[in-house]
Amino acid sequence: MTSDNLEALRREVRDWLRANLPKGWGTPEYVPPTRYSRESHELGKEWTKKMYDAGYTGFNYPKEYGGIERPREEITVIHEEMARTGTPGGPLSLGLLVAAPAILVHGEEWQKKRFIPKILSGEESWCEGFSEPDAGSDLANVQTTAVRDGDDWIVNGQKVWTSMWEFADWGLLVAKTEPDAPRHRNLSYFLFDTTTPGFSRRPLRQMSGEAEFGEMFFDDMRVPHKNMMDEQGRGWYVAMTALMAERSFGGTGFTGGMAAMGGLGTSDLLGTNSLVELAKNTRRYGQSVWEESAFRQRIMQTAIEMEAMRWSGARLAAKMRKGGQIGNEASLLKNFQAEMRQRRGDLTCEILGAYSQMVRGSTRAIDEGDHVYNMLRARGATIEMGTSEINRNIIAERILGLPR
3 MTSDNLEALR
13 REVRDWLRAN
23 LPKGWGTPEY
33 VPPTRYSRES
43 HELGKEWTKK
53 MYDAGYTGFN
63 YPKEYGGIER
73 PREEITVIHE
83 EMARTGTPGG
93 PLSLGLLVAA
103 PAILVHGEEW
113 QKKRFIPKIL
123 SGEESWCEGF
133 SEPDAGSDLA
143 NVQTTAVRDG
153 DDWIVNGQKV
163 WTSMWEFADW
173 GLLVAKTEPD
183 APRHRNLSYF
193 LFDTTTPGFS
203 RRPLRQMSGE
213 AEFGEMFFDD
223 MRVPHKNMMD
233 EQGRGWYVAM
243 TALMAERSFG
253 GTGFTGGMAA
263 MGGLGTSDLL
273 GTNSLVELAK
283 NTRRYGQSVW
293 EESAFRQRIM
303 QTAIEMEAMR
313 WSGARLAAKM
323 RKGGQIGNEA
333 SLLKNFQAEM
343 RQRRGDLTCE
353 ILGAYSQMVR
363 GSTRAIDEGD
373 HVYNMLRARG
383 ATIEMGTSEI
393 NRNIIAERIL
403 GLPR
């Protein structure tokens, strides 16, 4: 792959973006849909379909399941250009980064052919039903039950902190199917249609003011036996595959996720540039914040951390391309990106100074309050997808080999 070919691809992607992004995208005149709204969800699905049809997503999956094969250098160029313009996205990330990897590893052939292509193309979106009121860090303690009834399983119970909950077409579900079996061997893993009778959901408000997460309720909901993943009693192992994928990808569009999808990841690297611009444009005591050496050093430290995350994700992507599975290194990536997000959010608000008190809806808020929102949202990063404490235990025991 020559540099001329890559530059030609870069021009091609830029031209495609200009022709396909919503009118006015990236300008003050463009008013995006409210985050997590139906409009935002449909925009994400429509955008993913456009990208898939153009060959700009769906990497790292076999062609027989709808995957698109490209050299790593091309994928990196595509991700760089997508990150540069800040393309629509979000609602479909759980399907792409969590459901599809689990189905690829544990699904039956018909499940792979039925679900993965529609995940990659954006036709169907997903949510996950893992955590419960008494089963957060201790996921093996789930109390939701599934009882066999002929060709179906009857599910009863509740899930909380469900990502992508409101408009998902399909869901991932861990339920107890063998109450007398040993711990970790009493669970099974299902794929369920969210239009099934007996399923309901409601929002959970978080400190950012949004309902990114929700609760799910199952009241005699029937799931076909054929929708079980792997074998009965092996749900714990399927769930671990899904969680390792989620932890590796960050679940939030950060650098590790970009890289693991096949490129080197650039969204956060370009985010460093936005920090520099924010510091240069924010004035305090008669000069820009950028003139203060302490802030310059902290911004550069953020850039170093983002670069480290970027290449760690690239290493994981290389492993996946060679047929390897995501392992315990996912806990390293997840903890690093979660804590990095919090440091970056805190730094951004320190740069803003008094303006960091202006939230979304305030007429004087900088960049419509997005910086403050990101700082608040980052508080949950060290809790979701396994707390930092749980992941440190995994790192200590399974990577470093330390005693329990």
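The end of the sequence shown is residue 406 by my numbering, with every number in the run present.
By construction, the Cβ of each residue, glycine as well, lies at the ideal position given by its N, Cα and C atoms.
From a predicted model like this one, the values you see are computed outputs, not experimental measurements.
Exercise. Just mark L19 as buried or exposed, buried being the case when its beta carbon has 16 or more other beta carbons within 10 Å.
Key: Within the sequence shown, numbered from 1, the residue matching residue 19 stands at position 17. The residue in question, L19, is buried, as its Cβ has 16 or more Cβ neighbours within 10 Å.
Practice problem: May I have a chain-ordered list of the beta strand (DSSP E) segments no shorter than 3 residues that lie completely inside the segment 119 to 188? | Solution: For the segment 119 to 188, whole beta strand (DSSP E) runs of length 3 or above, ordered along the chain, are 128 to 131, 147 to 151, 154 to 165 and 172 to 178.
Quiz item: Would the beta-carbon of E248 fall within 9 Å of that of L8?
Solution: Translated into the one-based positions of the sequence shown, residue 248 becomes position 246. Translated into the one-based positions of the sequence shown, residue 8 becomes position 6. No; because the gap between Cβ atoms is not below 9 Å, this pair is not in contact.
Practice problem: Would you be able to state if there are at least three C-beta pairs under 8 Å between the segment 163 to 179 and the segment 192 to 206? | Solution: yes
Practice problem: Grab the span of the alpha helix (DSSP H) containing R86 for me, first residue to last. | Solution: What you label residue 86 is simply residue 84 of the sequence shown in a count that begins at 1. Run containing R86: R74 to T87, per the alpha helix (DSSP H) assignment.
Quiz item: Distance, Cα to Cα, P205 vs G216?
Solution: For the purposes of this step, residue 205 is taken as residue 203 along the sequence shown, with counting starting at 1. For the purposes of this step, residue 216 is taken as residue 214 along the sequence shown, with counting starting at 1. Near 4 Å, if we compare the C-alpha coordinates of G216 and P205.
Practice problem: Reducing DSSP to helix, strand and coil, say where Q339 ends up. | Solution: Taking the sequence shown and counting its residues from 1, one reaches residue 339 at position 337. Here Q339 sits in helix by DSSP.
Exercise. Mind reading off the beta-carbon distance from Q344 to A380? Whole number of angstroms is fine, and I expect it under 8 Å.
Key: Walking along the sequence shown from the start, residue 344 turns up at place 342. Walking along the sequence shown from the start, residue 380 turns up at place 378. Q344 to A380, Cβ: 5 Å. Contact.
Quiz item: If you check the beta carbons only, do L378 and M231 fall under 9 Å apart?
Solution: Along the sequence shown, read from residue 1 onward, the residue named residue 378 stands at position 376. Along the sequence shown, read from residue 1 onward, the residue named residue 231 stands at position 229. No, the Cβ-Cβ distance between L378 and M231 is not below 9 Å.
Quiz item: Can you tell me the Cα-Cα spacing of L404 and Y32, whole angstroms?
Solution: Within the sequence shown, the letter at position 402 stands for residue 404. Within the sequence shown, the letter at position 30 stands for residue 32. Computed Cα separation, rounded: 53 Å.
Self-check item: Limits of the beta strand (DSSP E) - the one that L206 falls within
Solution: Start at 1 with the first residue of the sequence shown, and residue 206 comes out as number 204. Residues F201 to L206.
Quiz item: Candidates E352, W292 and R346: which alpha carbon is nearest I306's?
Solution: Locating residue 306 in the sequence shown gives position 304, where the first residue counts as 1. Among E352, W292 and R346, the Cα nearest to that of I306 belongs to R346.
Quiz item: V157: which of L122, S165, P199 and S139 sits nearest, CA to CA?
Solution: As a position in the sequence shown, residue 157 is number 155, starting the count at 1. Among L122, S165, P199 and S139, the Cα nearest to that of V157 is on P199.
Quiz item: Do you know offhand how far L23's Cα is from L402's?
Solution: If you number the sequence shown from 1, residue 23 lands on position 21. If you number the sequence shown from 1, residue 402 lands on position 400. When rounded, the distance between both Cα atoms is 46 Å.
Self-check item: Touching by the beta-carbon criterion (3+ pairs, under 8 Å), the segment 146 to 161 and the segment 222 to 229
Solution: yes
Exercise. Please confirm whether L245 and G388 have their CB atoms less than 9 Å apart.
Key: Stepping through the sequence shown from its first residue, residue 245 is reached at position 243. Stepping through the sequence shown from its first residue, residue 388 is reached at position 386. It is a contact, given that the beta carbons lie within the stated cut-off.
Quiz item: Of the residues A177, W163, P181 and P184, which one's Cα is nearest the Cα of E212?
Solution: Position 210 of the sequence shown holds residue 212. Looking at the Cα atoms, W163 is the closest of the given residues.
Quiz item: Going by DSSP, which residues form a beta bridge with D221?
Solution: Working through the sequence shown from its first residue, we reach residue 221 at position 219. Note: D221 sits in a beta bridge opposite N158.
Quiz item: Which class does Y67 belong to by DSSP, given the choice of helix, strand or coil?
Solution: On the sequence shown, position 65 is the one that residue 67 refers to. Helix at Y67.
Quiz item: How long is the line joining the alpha carbons of L280 and L354, rounded to whole angstroms?
Solution: The residue given as residue 280 occupies position 278 in the sequence shown. The residue given as residue 354 occupies position 352 in the sequence shown. Answer to the nearest angstrom: the Cα atoms are 8 Å apart.
Quiz prompt | Beta-carbon proximity list for A21, same chain, < 8 Å, skipping 5 on both sides | solution = Residue 21 sits at position 19 when you count from the first residue of the sequence shown. Short of 8 Å from the beta carbon of A21, and not among the five residues preceding or following it, lies no beta carbon of its own chain.
Quiz item: Among E391, T78 and D55, which has the Cα closest to the Cα of I70?
Solution: Counting from 1 along the sequence shown, the entry for residue 70 is found at position 68. Nearest of E391, T78 and D55 to I70, Cα basis: D55.
Exercise. Tell me, please, whether the segment 106 to 115 touches the segment 130 to 144 by the rule of three or more beta-carbon pairs shorter than 8 Å.
Key: Between the segment 106 to 115 and the segment 130 to 144 there are fewer than three C-beta pairs closer than 8 Å, too few to call the two in contact.
Self-check item: Alpha carbon of N395 to alpha carbon of V240, nearest angstrom
Solution: Within the sequence shown, residue 395 is the residue found at index 393, counting from 1. Within the sequence shown, residue 240 is the residue found at index 238, counting from 1. Their Cα atoms are separated by approximately 20 Å.
Exercise. Ignore the nearest five residues each way along the sequence and tell me which others in R366's own chain have a CB closer than 8 Å to its CB.
Key: As a first step, residue 366 is located in the sequence shown; it is residue number 364 there, counting from the start. The residues are Y357 and M360.
Quiz item: CA-CA distance, V79 and V15?
Solution: Position 77 of the sequence shown, counting from 1, holds the residue named residue 79. Position 13 of the sequence shown, counting from 1, holds the residue named residue 15. Roughly 9 Å separates the two Cα atoms.
Quiz item: From the DSSP output, which residues share a beta bridge with L193?
Solution: Start at 1 with the first residue of the sequence shown, and residue 193 comes out as number 191. For L193, which the question treats as bridged, DSSP gives the partners L174.
Quiz item: When the Cα atoms are used, what is the spatial distance from A102 to K114?
Solution: To locate residue 102, count along the sequence shown from 1; it is residue 100. To locate residue 114, count along the sequence shown from 1; it is residue 112. Each residue's CA atom was taken as its position, placing A102 and K114 some 8 Å apart.
Self-check item: Residue from R86, N229, M311 and S290 with nearest C-alpha to N337
Solution: Sequence index remark: in the sequence shown, residue 337 carries index 335 (1-based). The residue with the shortest Cα to Cα distance from N337 is M311.
Quiz item: What is the DSSP secondary structure of Q359, reduced to helix, strand or coil?
Solution: Looking up residue 359 in the sequence shown gives position 357. Q359 falls in the helix class under three-state DSSP.
Self-check item: Paired residues, beta bridge with R285 - DSSP
Solution: Against the sequence shown, residue 285 aligns to sequence position 283. For R285, which the question treats as bridged, DSSP gives the partners S290.
Quiz item: If you run the structure through DSSP and keep just helix, strand and coil, what is M302?
Solution: As a working note, residue 302 is residue 300 in the sequence shown. It is helical.
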